[in-house]
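The next block holds one structure in the form of structure tokens; read it before the comments.
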Amino acid sequence: MRPNSQNANIHTAICGKNPRLYPVGGFVQIKAFSKINLILEVLERRPDGYHNLRSVMQSLALHDTLTIKPHTPAKGTPPLRLTCDNPSLPTDEGNLVFRAAQYMAEAYAISQPLSIHIEKRIPVAAGLGGGSSDCAAALVGINRCFGLGLDRDALREAGLRFGADVPFCITGGTMLAQGTGEILTELPPHPDCWIVLACLPIPVSTGEIFRQVDAKAQPDDGPESTPAPGVGPMGEALKKGDIPGIAKEFFNALAPVTTRMHPEIDGLIAQLRELGALGAAMSGSGPSVFGYFENKAAASAAEHILKKTIKSVFLTRPERMRLP
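Have a look at this one:
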């Protein structure tokens, strides 16, 4: 659907039962959920330089919030204005939200000047999909805000322009992601549980991690040589609502590489287990680590202890599927 500018007038979004979107007057607020990788397998390298992956991805309740609204720009200022409460993030073409908004305006002839504000809670460059989720939220929010009528598949196709994780973040929930992340298969919804999420203040380069993955395969590499488990047992545990069974199947093929470069991540995984986690693992290429707990009391106690030495620690839960 390509509406012309006459049909692209701003209106209050009608959100139904979708808790991601909150219509307030003439603007939309939308939650951008974080994600973790319950399983992350790295397969063959593709001709385009990327790797095929197989990953079980799960949205978490920890989220950023985007506010999207029309505005009247001052004379001589650009029609698209992006602001963020985290001054370390760019607010121009260096931000995926800005680029996604530019794309939507050009592709669907939106002439109304637009203002977007990002309220950040998801740690930056932490393996939690914060940038991808913000981008996805911008696409979904603009679609709703201007009544473009794009369905889930169209939004995912648009999102793939901006990153492999964006299509998943369009809807979130519990998904098997394949290819570079664009081939999505819905899995049984994740049962409710308590999750402690901790992000160490160390820089991790995803590009460098994948270069190290390509350079590995030494015979004494230990865990790196262990075949990754299939998705089957994880899928069965999800279907049964078996939290300990889910935690038992955590796997991240990037963890041996990242933890070799940053051994403190391994230390954090071990600490979470010592604090009673049913299972703990690294998300994405790091440096965030998550642990599953049997109940809120145990999770809150672990959160309290970790916060004594780590600034970015969150007590959160799984977030279920949310359609655009």
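Count the sequence shown with the working numbering and you get residues 109 to 432, in order.
All residues carry an ideal CB built from backbone N, CA and C; glycine is no exception.
Does the Cβ of residue i have 16 or more other Cβ atoms within 10 Å, making it buried, or fewer, making it exposed?
i       : result
His-171 : buried
Arg-162 : buried
Lys-177 : buried
Pro-275 : buried
Leu-151 : exposed
Arg-433 : The requested residue 433 is not part of the displayed model; the chain covers only 109 to 432.
Asn-403 : exposed
His-298 : buried
Pro-231 : buried
Ser-240 : buried
His-412 : exposed
Glu-357 : buried
Ala-388 : buried
Arg-153 : exposed
Thr-293 : exposed
The beta strand (DSSP E) spanning residue i covers which residue range?
i       : result
Arg-264 : Not the beta strand (DSSP E): Arg-264 falls in the alpha helix (DSSP H), residues 260 to 267.
Arg-434 : In the structure displayed, the chain extends from 109 to 432; residue 434 sits before or after that span and is not available.
Gly-399 : 396 to 401
Ile-413 : Where Ile-413 is concerned, there is no enclosing beta strand (DSSP E), although the alpha helix (DSSP H) it sits in stretches over 404 to 414.
Gly-235 : First-last for Gly-235: undefined, no H or E at that position.
Residue i lies in the alpha helix (DSSP H); which residues open and close that run?
i       : result
Asp-172 : Looking at the DSSP string, Asp-172 is not in any alpha helix (DSSP H); the run it does join, the beta strand (DSSP E), is 159 to 178.
Phe-276 : 274 to 279
Asn-251 : 238 to 253
Ile-226 : No alpha helix (DSSP H) holds Ile-226; the beta strand (DSSP E) holding it covers 222 to 227.
Arg-381 : 371 to 382
Phe-206 : 204 to 215
Glu-344 : 340 to 348
Using the Cα positions of residue i and residue j, report the straight-line distance between them to the nearest angstrom.
i       : j       : result
Ile-291 : Lys-183 : 44 Å
Val-136 : Leu-256 : 14 Å
Ile-224 : Gly-271 : 20 Å
Cys-192 : Pro-311 : 21 Å
Val-321 : Gly-157 : 13 Å
Glu-149 : Ala-285 : 10 Å
Glu-508 : Ser-167 : With the chain running from 109 to 432 in the structure shown, residue 508 is simply not present.
Ala-262 : Arg-252 : 13 Å
Ala-266 : Leu-258 : 10 Å
Leu-204 : Gln-379 : 34 Å
Pro-186 : Gln-220 : 12 Å
Ile-351 : Ala-208 : 36 Å
Phe-401 : Pro-198 : 36 Å
Thr-180 : Leu-190 : 14 Å
Ile-373 : Gly-353 : 23 Å
Leu-146 : Met-283 : 10 Å
Ala-121 : Ile-250 : At Ala-121 the pLDDT is 32, less than 50, meaning the model places this residue with poor confidence; the figure from the coordinates comes in the next sentence. Whole-angstrom Cα-Cα distance: 10 Å.
Assuming residue i and residue j make a contact with CB atoms under 8 Å, what is their CB distance in whole Å?
i       : j       : result
Thr-288 : Asn-160 : 7 Å
Arg-260 : Tyr-211 : Their Cβ separation, rounded to whole angstroms, is 17 Å, which puts Arg-260 and Tyr-211 out of contact at 8 Å.
Phe-254 : Ile-218 : 6 Å
Lys-347 : Pro-296 : 4 Å
Ala-410 : Leu-383 : 4 Å
Gly-237 : Asp-200 : Between Asp-200 and Gly-237 the Cβ distance is about 21 Å, and since that is not below 8 Å, they are no contact.
Met-390 : Gly-235 : 7 Å
Sorry if obvious, but does the Cβ on residue i come closer than 7 Å to a heavy atom of the ligand FAD?
i       : result
Gly-257 : Because no ligand of any kind appears in the structure shown, any question about the ligand FAD cannot be addressed here.
TODO: Flag this pair as touching only if the region 165 to 183 and the region 136 to 156 have three or more C-beta atom pairs under 8 Å; answer yes or no.
DONE: yes
Task: Three or more C-beta pairs below 8 Å linking the region 358 to 368 and the region 384 to 397 - done: Touching, yes.
TODO: Report yes or no: do the region 299 to 319 and the region 413 to 425 share at least 3 C-beta pairs separated by less than 8 Å?
DONE: yes
Open item on the list: Whether or not the region 277 to 284 and the region 241 to 258 are in contact is what I'm after, with contact meaning three or more pairs of Cβ atoms, one per stretch, closer than 8 Å; do they touch?
Closed with: Touching, per the Cβ criterion.
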